[in-house]
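Each remark here refers to the structure printed beneath this line.
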Amino acid sequence: MKLFTPLFFAFLLIALDSQGQSVPQGMKYQAVARDLKGQVMANQFIQLKISLYSDPVQRDVAYVEIHKVYTNEFGLFSLSIGEGISFKGSFETIPWSSAEVWMEVAVQTDDETDFITISDSRMLSVPYAFHAATANEIIGNAGDRSPGDPYTKIWSLTGNANTNPARDKLGTNDLADLVIVTNDIERMRVLQSGDINMVNSLRVGRDLDVRKMSTSTRTP
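Counting with my numbering, you get residues 40 to 259 for the letters of the sequence shown.
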């Protein structure tokens, strides 16, 4: 049986350029292969099975792939997780943003028939490049949100920052009334003409400045 000593494990956080370059489907993994005596396994072929799953109890495996690599004179090998021979699932469906992802690494050498697990642990750092693949999307039903074009994407229910009153607006961009509701009941309506109709009383906490007044005479 051979022993593997992890030397280096890193995620490549590849920046997306302004042209909308797609997120790369791969993570770099490197390690040094040693036998049970601690001797470096130099210049040898080995096979590795990478399993990514989201539930350590139920082992809800999302993706499994196989790699065949060749060690150098120092026993060092490297591979890209996500670019091996797919054995189960799809790399694109790994739940990076919705669950904690665990990774199991198993090895098989020429004189062994079964894969032997050498590492099985939670990935402590989220591969942000892959998580970012869904960060530019608004999750939810299409009817729950406005397209928000051309400037802002969405208005937050808890307030918004960095707004520009010269371009950021709340309302309609067609010839239609704007209706304000509470409890799904209309309380105020801004007519397409600019007039404002209110259903109930208006309370003014400070001064009310009326720029133009008109009076009417009613005949009892």
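From the three backbone atoms N, C-alpha and C, an ideal C-beta is built for every residue, glycine too.
Assuming residue 92 contacts residue 135 under a Cβ cut-off of 8 Å, what Cβ separation, rounded to an integer in Å, is found between them? Not quite, the Cβ-Cβ distance comes to about 13 Å (not below 8 Å), so this is no contact.
By Cβ distance below 7 Å, which residues in the same chain neighbour residue 138 in space, the five residues on each side in sequence not counted? Cβ neighbours of residue 138 within its own chain (closer than 7 Å, five residues either side excluded): 93.
Validate contact between the region 98-113 and the region 80-90 using beta carbons, cut 8 Å, 3 pairs: Segment contact: the region 98-113 against the region 80-90, three or more CB-CB distances shorter than 8 Å; contact assigned.
Which full runs of the beta strand (DSSP E) of 3+ residues lie inside the region 201-247, going along the chain? Those beta strand (DSSP E) runs which fall completely within the region 201-247 and span 3+ residues are 217-221, 224-229 and 235-237.
DSSP beta-bridge partners of residue 156: Bridge partners of residue 156 according to DSSP: 145.
Measure the beta-carbon distance from residue 120 to residue 68 and round it to whole angstroms, keeping in mind my assumption that it falls under 8 Å. Indeed they touch by this definition, with Cβ atoms about 5 Å apart.
The beta strand (DSSP E) with residue 85 in it runs from where to where? Where residue 85 is concerned, the enclosing beta strand (DSSP E) stretches over 84-92.
Return helix, strand or coil for residue 130, following the three-state DSSP convention. Three-state DSSP puts residue 130 in a helix.
Does the beta-carbon of residue 76 have 16 or more other beta-carbons within 10 angstroms, so that it is buried, or is it exposed? So residue 76 ends up on the exposed side.
Give the DSSP-derived three-state secondary structure of residue 249 in the structure shown. DSSP places residue 249 in coil when its eight states are reduced to three.
So is residue 66 buried or exposed if we call it buried at 16+ other beta carbons inside 10 Å? With 16 or more other Cβ atoms from the protein chains shown falling within 10 Å of its own Cβ, residue 66 counts as buried.
Let's test the definition: count the other Cβ atoms within 10 Å of the Cβ of residue 243 and tell me whether it reaches 16, buried, or not, exposed. Of the other Cβ atoms in all chains shown, fewer than 16 fall within 10 Å of the Cβ of residue 243; this residue is therefore exposed.
Nearest candidate by alpha-carbon position, reference residue 214, set 221, 224 and 230: Checked all of 221, 224 and 230; the closest Cα to residue 214 is 230.
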